[in-house]
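Here is the structure we will look at, set down as structure tokens.
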Amino acid sequence: MPNVAALMERSLPRHILDALRSASAVASQEPGIVSELYLVGGMVRDLVRGEGSADIDLSVVGDGPGYAAALASHLGGQVTKVSEFGTATVETGSLSIDVATARTETYEHPGALPEVTPAGITEDLARRDFTVNAMAIDLSNGGWGELIDPHGGMADLMMKRLRSLHPASFADDPTRALRAVRYEARLAFTLQPATVNDMQRDCVHFDAVSPARVLAELRRILDETARTRALSRAEELGILGSISPAFRIAGRSLKAIEETPDREPLFHVALIGARLTQAEAASLIERIDPPADWREALGAGSTYREIASILERSDLRPSEIAELLEGFPVLALEAQLQLAPATRQKAALRSWLDELRFREPLLSGNDLLEAGVPQGPLIGQLLDELRRARLDRAVGTRDDELTLVKRRLRVLL
Ligand code: CTP
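Printed below as a string of structure tokens:
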């Protein structure tokens, strides 16, 4: 196996290399806890590709959490997130290091959480998702820099192939289908036909995956720069439909996601929601159980479409536009603006978002009290009327507003 010590020296940022050296030193000081120590996961893959990677994943043959505690005290950091699977995270302030006990995983049924048993590095690599993610670099004193690549990850990296390790990989963990399109898009690799077959056959097991796990993988896709490609592949390969039969992303929404690379993930969620029917949004929400802001963004599309045709009317006053649009989350309307063809509807959306929603009366509730309006619901009603009058430019100055209030009081009191 090749030794990549020189490559690590040359490519890894100094603070990461120092952390790995410290990790190695701690391992040799703690032979009772650790017998072998490896760098695994994305950092190995990205090092070989010549790309930077922020996450340090360590695999420990021995006691992962015990080793994490020793490493944290050596680095002056803290152990967080110890899990039942023998994993722990060491946070140092500038670095986050994931430590896992090398293990085998067995799944009681497809999609179940794994039963884990401590094991050697070979077994630990064999339980992983894709060959390019199943390489390790030895960090022990005696073997520093040795690359361990039992599944041909290096060759696949060179050939830009994304390949799972065994046919049952997606039955073990269907969320790997979402990881597959994410890596394929991010790395510009090609999913191998056998892997696609296995994936499509076993996507039915998404049924057994919890909403939280699906949602977490969707979030990771939306965080990618290459999100549009990953989402369109997920649609094309039938992965979205396996998550929920109602989950589809309209072509126009995908295009709009592509056109807005710098917008926040929630905006892209709103673009997906913008073209869903009420029933589609409701069943997707039920399936992934997202937080309130996602629910709003996904659900607003169908309600908006009920009023969209009214926005095409040529005789709408600004106050009527306000009445139609003020209940919607701003982000959902921004998504509709991104999607709308250049019609009156688009102009109405733009004027509401850019200007009308900020137009407030000059008079306050206190001004109305001073003008003789009795305390109570009338204040709110008159402020609302003033706002509408201001939207329609029926009033300009404070005096105009006072005149309107007095005129209305004569009628109302
Ligand atoms: N892994 C896996 N199956 C999963 C999740 C993770 O086999 N469902 C393995 C992969 O070997 C992966 C490693 O665990 O490389 C670490 O997982 P994660 O942190 O999610 O991936 P990274 O490759 O480190 O990071 P990223 O995907 O963001 O590049």
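Residues in the sequence shown are numbered consecutively from -15, following the numbering used here. The beta carbon of each residue, even a glycine, is placed where N, CA and C say it ideally should be.
- For aspartate 82, the beta-bridge partners assigned by DSSP are Asp41 and Thr73.
- Burial is judged here by how many other beta carbons sit within 10 angstroms of a residue's own beta carbon; leucine 397 has fewer than 16 and is exposed.
- Taking 8 Å as the cut-off, the beta carbon of alanine 306 is found closer than this to the beta carbon of leucine 375.
- The alpha-carbon separation between valine 24 and proline 177 amounts to approximately 26 Å.
- Counting C-beta pairs with one atom in each stretch, the segment 112 to 121 and the segment 160 to 174 have three or more that are closer than 8 Å, which means they touch.
- Residue environment: histidine 93 is assigned as exposed (fewer than 16 neighbouring CB atoms within 10 Å of its CB, all protein chains considered).
- With contacts defined as CB atoms closer than 8 Å, leucine 282 and glycine 311 fail to qualify as a contacting pair.
- The three-state secondary structure of serine 303, taken from DSSP, is helix.
- Under DSSP, tyrosine 22 takes part in a beta bridge, and its partners are Ser43 and Asp122.
- With a cut-off of 7 Å, the C-beta of asparagine 117 is classified as near ligand 1, since at least one heavy atom of the ligand falls inside that distance.
- Of the heavy atoms belonging to ligand 1, none sits nearer than 7 Å to the Cβ of glycine 95.
- Glycine 136 and isoleucine 233 have their alpha carbons spaced roughly 35 Å apart.
- Listed in chain order, the non-local C-beta contacts of serine 228 below 6 Å within the same chain comprise Ser267, Leu268 and Arg271, local neighbours out to five positions each way being set aside.
- If you draw a straight line from the Cα of glutamine 359 to the Cα of glutamate 304, it comes to about 28 Å.
- Around proline 151, the same chain offers Ala178 and Asp182 as residues with beta carbons nearer than 8 Å, after the five sequence neighbours per side are excluded.
- The criterion of a C-beta distance shorter than 8 Å is satisfied by arginine 160 and serine 153.
- A distance criterion of 7 Å places the beta-carbon of threonine 85 beyond contact range of ligand 1, judged by its closest non-hydrogen atom.
- Under a 10 Å Cβ-count criterion, aspartate 277 is classified as exposed, with fewer than 16 other Cβ atoms of the shown protein chains found around its own Cβ.
- One Cα belongs to leucine 295, the other to arginine 328, and the distance between them is close to 7 Å.
- With 16 or more other Cβ atoms inside 10 Å of its own Cβ, leucine 370 counts as buried.
- Leu202 is the residue among Pro302, Leu202, Leu337 and Val314 whose C-alpha sits nearest the C-alpha of aspartate 273.
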